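Just below is one structure, and these are the notes that go with it.
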Amino acid sequence: MRVAPNEQVIQTWQQSNFGGAVPALSHEEDGTTRLDWKGGIALDAYSNDIQSASGSTNTPLRSGTFYKNIINSDLRAIHQDNVVEYFQVGVTSSDDRSVLSLNPHQLNNFQLGRTGEDYRVALGDIAPNFSSLSSALGVRGLFGQRQFGDISVYGFSGQVAENWEVLSSTVPSNQYIRDVQGVKLEKAFGATLRTYITAQTSSEREAPIMAQPGFIALGTSHSMSVGLQYQKDQFSLTAESAGSNFQDDGTSDRQGHASVVDANWRGESVGLRAGYHHIDSEFTSLSMAAQPGVHEAYVGADWTAASWVMLTTDLRKSKNSTLATAYSDSTFVDTDALTVRANINFGPDHPGWGLSLQNVEAQTIDSAAQASNRSDVSAMINYASPGLTSGLGFGQGKITSEVFPSNDSSIQNWSFNVGRTFSNGLPDTAPTWSAGINFFATSQTQRLLVNGGESNSTNYTLAFTGQVVGWGSMNLLLTGGETTQPSGAPGLRMRGVQLDALFPMKGQNTFKVFVRNTQRNIDDPILFAQENVLGLQLVYNF
Amino acid sequence: MKIFRVFYLLGVLAAVTVPASPCVAEQAINIQSEQALDALQHLLSAYTAGNQKQLEALVEPKMIGYSRVVDAVRDTGLMQRQPRLTLSDTRTQHSEEVVIIQTHWEKRYVSTPGRIGRYLSGTCTFVMRPDSSVWRLSALSGDNPFGAE
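One line per chain: the protein sequences are A and C, in this order.
So that you can map any letter, position 154 of the first sequence is 153 in numbering that gives the first Met the number 0, and since no number is skipped, the others follow by simple counting.
So that you can map any letter, position 2 of the second sequence is 1 in numbering that gives the first Met the number 0, and since no number is skipped, the others follow by simple counting.
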């Protein structure tokens, strides 16, 4: 096969196959290019020794010896004119129910496709991403894209299911399967403006095996949207409006509308952003971004006021509503929030020093007219130099809520971190060994306004790292924490140790040993849990 | 404890016999999916650590329903002690601009007041999108793991 310059081919591949590994090209003597098959296997074998006073309520792990195996394969061929064909597949196998809860084998992803300069076709796990209010979801099906000059056409058809195993009747499903289709027509006006129109439909049906009988009526939905994307220089604008119609034999038929506008501008020292989102509770679409019942507006800015200070602000007003049903009225939560930050450096006379200040004010009121308020002020001073980082922070806040008045509190926070790295590296030579130590601790005091009761939480993390070229690396992590109770009841305590050592092998393969011990509330007859894990991991890439 | 001894011996044996070569990180076939999963793990770690500022930095400001996530974290931070959020049955799908992560989550925490161990679970989809070099949460659909009940 003779191809265009490799850089151009790789660029085309990256643009067309987001997420795919970059092909490795090897030159033949006669000038042709051959593609390699890339793949990898990560095999974990580990043994858990778990003790829990309340079974799975306290820990997700179970005692026993388990394995986990992840296999990935990526097969590609590049033809003339930058045409690329590919086949990607990933599989996980494990007998550990905390990894795979339903079946010991899972098809993580599967996709085969073909891309050219003006078209793309994919089959398997596809993720159509038309826009915020139309189609943005994961589908198991077929995707196609074709470009005709300034006009592009996108289309997909497939099924939305929890996983491939549901579709193959291997495991039961907790939700209906949706058959979905969508199409998008896009027109570009030069390099700055693109407009589009979309249409999508979905219809629900029962999965081959349902975990529970489907009591909810099967529904069908149709939606359409129009939108634009404008970008010139440092200004960008996206806007979209959509309508939908949902039917389920009269049970909860509904029509909904949605509109979104987002704008962003960046100047030399100022950045501005603003947006408005209005999505009816009745709106339905194939976009996971379009959450029904969201009404929100925001304005944000960042301003480098001087060489030593940057100011950031974010003002947000939102109202989240639920859908009214035959059994319940619509409810809402209305929130206003303001965040102001300042990042300060102390100039060239004090290199490495920085100070950040933050104030957050939030007010919430719900449909039952119950109000909540939160106020936080915090400051943190940092110092960084080659091989050393450190920081000290303090914050004070107050929370009041008519929903949970027993938790009305004033809060004080302290945080401290320090990190140091060592190596034998010189300005003109790479280090052959390096080591590091990091310590991070936080302390929080919560004082209840109702009765003055006080609760203290202290947590720390201490990490040691080391690496020797040719030998491998090692990490040791120590964690701990305690929370006292305002009632004087025994505190909550947690302690953990984790050690892992990674050894390089030939090529890009590695071998790792890991050990972990975690103890939670060791003296508590109900909350006690202890986990011991010892395992090996082998990673083999080809 | 026999299995522990076997693993220990295997570990020592491997440590002695593996050939020396430059240390390499574990290679991921699907780099973007791995980066998105790492970013999600950082977000969940920030949540369980109660680091609101770090969490907000990993959520797109223009995300529809931004307040649903941030408010849930803000409201429940002081009522959930020792929170622990674990994922299982995780699958990824990717397109030109996003990585979609479908997963089952389990949350365990001790509620205050009352000092009662709680267990919640659900299924949700995280949509992650790269912004410059940082992956951020772009959408959350399904059961909200950041809520209290």
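Think of the CB as a built atom: it goes at the ideal place given N, C-alpha and C, for glycine as much as any other residue.
The model shown is predicted, which means the values in this text are computed figures rather than measured ones.
### Query
Whose CA, out of A:Gly154, A:Gly351, A:Met309 and A:Ile364, lies closest to the CA of arginine 336 of chain A?
Here residue 336 of chain A refers to the residue found at position 337 when the first sequence is read from its first residue. First, the residue type needs correcting, since residue 336 of chain A is alanine and not arginine in the sequence shown. The shortest C-alpha separation from alanine 336 of chain A is found at A:Ile364.
### Residues in the segment 73-103 of chain C having any Cβ partner in chain A nearer than 7 Å
Per Cβ criterion, the list reads Arg73, Leu77, Met78, Arg80, Gln81, Thr85, Ser87, Asp88, Arg90, Thr91, Gln92, His93, Ser94, Glu95, Glu96, Val97, Val98, Ile99, Gln101 and His103.
### Query
Less than 8 Å separating the beta-carbons of threonine 191 of chain A and lysine 231 of chain A?
Position 192 of the first sequence, counted from the first residue, corresponds to residue 191 of chain A. Position 232 of the first sequence, counted from the first residue, corresponds to residue 231 of chain A. Contact: yes.
### Assigned exposure category for glutamate 161 of chain A - 16 Cβ within 10 Å defines buried
The residue you call residue 161 of chain A lines up with position 162 of the first sequence. Counting the other Cβ atoms within 10 Å of the Cβ of glutamate 161 of chain A gives 16 or more, which makes it buried.
### Task
Using the Cα positions of glycine 392 of chain A and tyrosine 539 of chain A, report the straight-line distance between them to the nearest angstrom.
Counting from 1 along the first sequence, the entry for residue 392 of chain A is found at position 393. Counting from 1 along the first sequence, the entry for residue 539 of chain A is found at position 540. Their Cα atoms are separated by approximately 43 Å.
### Message
As a quick exercise: from A:Asn102, A:His104, A:Ala135 and A:Ser72, pick the residue whose alpha carbon is nearest that of glutamine 110 of chain A.
### Response
Residue mapping note: residue 110 of chain A aligns to position 111 of the first sequence, counting from 1. Out of A:Asn102, A:His104, A:Ala135 and A:Ser72, A:Ser72 has the C-alpha closest to the C-alpha of glutamine 110 of chain A.
### Task
State the beta-bridge partners of glycine 38 of chain A as determined by DSSP.
Here the question's residue 38 of chain A lines up with position 39 in the first sequence. DSSP, once it has assigned bridges, lists A:Ser72 as partnering glycine 38 of chain A.
#### Entry: Between the CA atoms of serine 87 of chain C and leucine 99 of chain A - distance to the nearest angstrom
Here residue 99 of chain A corresponds to residue number 100 of the first sequence, with the count starting at 1. Here residue 87 of chain C corresponds to residue number 88 of the second sequence, with the count starting at 1. Their Cα atoms are separated by approximately 6 Å.
### Message
Just to make sure I have the definition right: I need the residues of chain A whose C-beta is within less than 8 Å of the C-beta of tyrosine 118 of chain C. Which are they?
### Response
Taking the first residue of the second sequence as 1, we reach residue 118 of chain C at position 119. Under the 8 Å cutoff, chain A gives Ser55 and Thr56.
### Query
Along chain C, which residues have their Cβ under 9 Å away from the Cβ of glutamate 295 of chain A?
Against the first sequence, residue 295 of chain A aligns to sequence position 296. Under the 9 Å cutoff, chain C gives Ile63, Gly64, Tyr65 and Ser66.
### Task
Using a cut-off of 9 Å between C-beta atoms, extract the partners of serine 317 of chain A located in chain C.
Mapped onto the first sequence, residue 317 of chain A falls at position 318. Per Cβ cutoff of 9 Å: Gly64, Tyr65, Ser66, Arg67 and Asp70.
### Message
Once the 5 residues before and after glycine 141 of chain C are set aside, which same chain residues still bring their CB inside 8 Å of it?
### Response
As a working note, residue 141 of chain C is residue 142 in the second sequence. So the qualifying residues of the chain are Gly121, Thr122, Cys123 and Thr124.
### Message
Is it buried or exposed, glycine 226 of chain A, if we count other Cβ atoms within 10 angstroms and call 16 or more buried?
### Response
Within the first sequence, residue 226 of chain A is the residue found at index 227, counting from 1. Under this definition glycine 226 of chain A is a buried residue.
#### Entry: Residue environment, asparagine 458 of chain A, which counts as buried when at least 16 other CB atoms sit within 10 Å
Taking the first sequence and counting its residues from 1, the one referred to as residue 458 of chain A is at position 459. Result: buried.
### Message
Tell me which residues share the same chain as methionine 287 of chain A and place their Cβ nearer than 7 Å to its Cβ, disregarding the 5 neighbours each side in the sequence.
### Response
Position 288 of the first sequence, counted from the start, is the residue given in the question as residue 287 of chain A. The answer, listed in chain order, is Ala135 and Leu136.
### Three-state secondary structure assigned by DSSP to tryptophan 163 of chain A
Position 164 of the first sequence holds residue 163 of chain A. If DSSP states are grouped into helix, strand and coil, tryptophan 163 of chain A belongs with the helices.
### Task
Leaving aside the five residues before and after serine 320 of chain A along the sequence, list all residues of the same chain whose C-beta is less than 6 Å from its C-beta, in chain order.
Residue mapping note: residue 320 of chain A aligns to position 321 of the first sequence, counting from 1. So the list reads Ser280, Gly292, Ser329 and Phe331, once near-sequence residues are dropped.
### Message
Please classify isoleucine 28 of chain C as buried or exposed, where buried requires at least 16 neighbouring CB atoms within 10 angstroms.
### Response
Numbered from its first residue, the second sequence carries residue 28 of chain C at position 29. Residue placement at isoleucine 28 of chain C cannot be trusted, given a pLDDT of 40 that sits under 50; what the coordinates show is reported in the next sentence. The residue in question, isoleucine 28 of chain C, is buried, as its Cβ has 16 or more Cβ neighbours within 10 Å.
### Query
Counting Cβ pairs, one atom from each stretch, are 3 or more of them under 8 Å apart for the segment 298-316 of chain A and the segment 340-347 of chain A?
yes
### Task
Compare the C-beta of isoleucine 215 of chain A with all C-beta atoms of chain C and state if any pair is closer than 8 Å.
In the first sequence, the residue the question calls residue 215 of chain A occupies position 216. By this cut-off, isoleucine 215 of chain A is not an interface position.
#### Entry: Top-ranked residue by Cα proximity to valine 83 of chain A, from A:Ser251, A:Gly115 and A:Leu425
In the first sequence, the residue the question calls residue 83 of chain A occupies position 84. Here the closest residue by C-alpha is A:Gly115.
### Query
Going by beta carbon distance, what residues of the same chain come within less than 6 Å of leucine 533 of chain A, once the five residues before and after it are set aside?
Translated into the one-based positions of the first sequence, residue 533 of chain A becomes position 534. Around leucine 533 of chain A: Ser46 and Val514.
### Task
For proline 21 of chain C, decide whether its Cβ has a neighbour in chain A, counting only Cβ atoms nearer than 8 Å.
Counted from its first residue, the second sequence places residue 21 of chain C at position 22. In this prediction, proline 21 of chain C scores a pLDDT of 26, lower than 50, which makes its location untrustworthy; no coordinate-derived value is stated.
### Task
Identify the continuous alpha helix (DSSP H) that holds lysine 505 of chain A and give its terminal residues.
Here residue 505 of chain A refers to the residue found at position 506 when the first sequence is read from its first residue. Element bounds for lysine 505 of chain A: n/a, residue is neither H nor E.
### Query
At which residues does the beta strand (DSSP E) containing glutamate 33 of chain C begin and terminate?
For the purposes of this step, residue 33 of chain C is identified with residue 34 of the second sequence, where counting begins at 1. Careful: glutamate 33 of chain C lies outside any beta strand (DSSP E), inside the alpha helix (DSSP H) at 30-47.
### Message
Strictly by DSSP, which residues pair up with glutamine 101 of chain C?
### Response
Here residue 101 of chain C refers to the residue found at position 102 of the second sequence. Answer is C:Arg90 and C:Thr124.
#### Entry: is_contact[valine 449 of chain A, chain C] using C-beta, thresh 8 Å
Residue mapping note: residue 449 of chain A aligns to position 450 of the first sequence, counting from 1. No, because no Cβ of chain C sits closer than 8 Å to the Cβ of valine 449 of chain A.
### Backbone CA spacing between threonine 56 of chain A and serine 62 of chain A [nearest angstrom]
As a working note, residue 56 of chain A is residue 57 in the first sequence. As a working note, residue 62 of chain A is residue 63 in the first sequence. If I take the Cα positions, the gap works out to 15 Å.
### Message
Can you tell me whether alanine 19 of chain C is helix, strand or coil according to DSSP?
### Response
In the second sequence, counting from the first residue as 1, residue 19 of chain C sits at position 20. Reliability of the predicted coordinates at alanine 19 of chain C is poor, the pLDDT of 30 falling under 50, and no value is obtained from them.
### Query
Hey, out of A:Val512, A:Asn474 and A:Ile521, whose CA is closest to arginine 492 of chain A's CA?
The residue you call residue 492 of chain A lines up with position 493 of the first sequence. Comparing Cα-Cα distances from arginine 492 of chain A to each of A:Val512, A:Asn474 and A:Ile521, the minimum goes to A:Ile521.
### Query
By DSSP, does threonine 58 of chain A sit in helix, in strand, or in coil?
Here residue 58 of chain A refers to the residue found at position 59 of the first sequence. DSSP places threonine 58 of chain A in coil when its eight states are reduced to three.
### Message
What does DSSP give as the partner residue(s) for histidine 104 of chain A in the beta ladder?
### Response
What you label residue 104 of chain A is simply residue 105 of the first sequence in a count that begins at 1. Its beta-bridge partners are A:Ser92.
### Task
Using a cut-off of 9 Å between C-beta atoms, extract the partners of proline 144 of chain C located in chain A.
Numbered from its first residue, the second sequence carries residue 144 of chain C at position 145. Taking a Cβ-Cβ threshold of 9 Å, none of the residues of chain A is close to proline 144 of chain C; the smallest such distance is about 14 Å.
### Task
Determine whether the Cβ of alanine 138 of chain C lies closer than 8 Å to any Cβ atom of chain A.
Position 139 of the second sequence holds residue 138 of chain C. Yes, contact with chain A.
### Message
Under 8 Å, Cβ to Cβ, is there at least one residue of chain A near valine 109 of chain C?
### Response
Counting from 1 along the second sequence, the entry for residue 109 of chain C is found at position 110. So yes, valine 109 of chain C belongs to the interface.
### Query
Which one of A:Ser202, A:Gln144 and A:Ala238 has the shortest CA to CA distance from leucine 132 of chain A?
Walking along the first sequence from the start, residue 132 of chain A turns up at place 133. The residue with the shortest Cα to Cα distance from leucine 132 of chain A is A:Ala238.
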